[in-house]
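First up is the structure itself, then whatever we jot down about it.
Numbering (this note's numbering), first residue to last: 8 to 183.
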């Protein structure tokens, strides 16, 4: 998105919310934080937010709406559907065919199953407990991925660069 398109979005918001004021600093900040989003998608997100909320959106609201709009419906699993994928893989592949089982699942489900340990999930004598742990962990992983998806690519790169420079470990998999 270019600055003139940000100005259009801010004008729409100012027209929709009488107390929403636009100045040069606000325009610059919004440009820096939203420039990676295509204008047409941002425009749809702003319209949707105007219809849904009596309060003007923040940059974070727009980024969340964009993520919601652009995420394919097939990738929006709820925790119960995710556990269903695990149960199906257990029935079809058992504990000895871990690679095939993980490959049969959606990436987010496979990630959580791998974190928990495929054999441990399959061989547990307390499936209700394992299910509860899986559901909680799946929700946490989904939330983390949603938050990461909201970050502009430049900011993600800046964070990674700082982590490498200061030898911090990143959350994802404990990798540097």
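For each residue, glycine too, the CB sits at the ideal point set by N, CA and C.
Helix, strand or coil for residue i, going by three-state DSSP, please let me know.
i, result
"residue 11", "helix"
"residue 112", "coil"
"residue 96", "helix"
"residue 146", "helix"
"residue 130", "helix"
"residue 181", "Residue confidence for residue 181 is low, a pLDDT of 48 falling below 50, so the modelled location carries little weight and cannot support an answer."
"residue 101", "coil"
"residue 44", "coil"
"residue 158", "coil"
Report buried or exposed for residue i, applying the criterion of at least 16 other Cβ atoms within 10 angstroms of its Cβ.
i, result
"residue 136", "exposed"
"residue 76", "exposed"
"residue 93", "buried"
"residue 173", "exposed"
"residue 96", "buried"
"residue 17", "buried"
"residue 117", "buried"
"residue 73", "buried"
"residue 56", "buried"
"residue 181", "Confidence in residue 181 is poor, its pLDDT being 48 and thus under 50, which makes the residue's placement unreliable; the coordinate value appears in the next sentence. When all chains shown are included, residue 181 counts as exposed."
Leaving aside the five residues before and after residue i along the sequence, list all residues of the same chain whose C-beta is less than 6 Å from its C-beta, in chain order.
i, result
"residue 46", "8, 12"
"residue 32", "none"
"residue 10", "38"
Taking 7 Å as the limit between beta carbons, can you name the residues of its chain near residue i, skipping five residues before and five after?
i, result
"residue 42", "8"
"residue 71", "157"
"residue 14", "34"
"residue 27", "20, 21, 63"
"residue 7", "Here the chain covers residues 8 to 183 and nothing more, so residue 7 does not appear."
"residue 121", "109"
"residue 24", "63"
Apart from the five residues on each side of it in sequence, which residues of its chain come closer than 8 Å, Cβ to Cβ, to residue i?
i, result
"residue 39", "none"
"residue 105", "125, 126"
Please check the pair residue i and residue j, which I expect to be a contact at CB under 8 Å, by giving their CB distance rounded to whole angstroms.
i, j, result
"residue 29", "residue 53", "13 Å between Cβ atoms; not a contact."
"residue 130", "residue 102", "6 Å"
Counting Cβ pairs closer than 8 Å, one from the stretch 153-164 and one from the stretch 127-143, do we hit at least three?
no
Inter-stretch contact at 8 Å, needing at least 3 Cβ pairs: the stretch 115-131 / the stretch 52-71:
no
Can you find at least 3 beta carbon pairs, one from the stretch 105-112 and one from the stretch 136-149, that sit closer than 8 Å?
no
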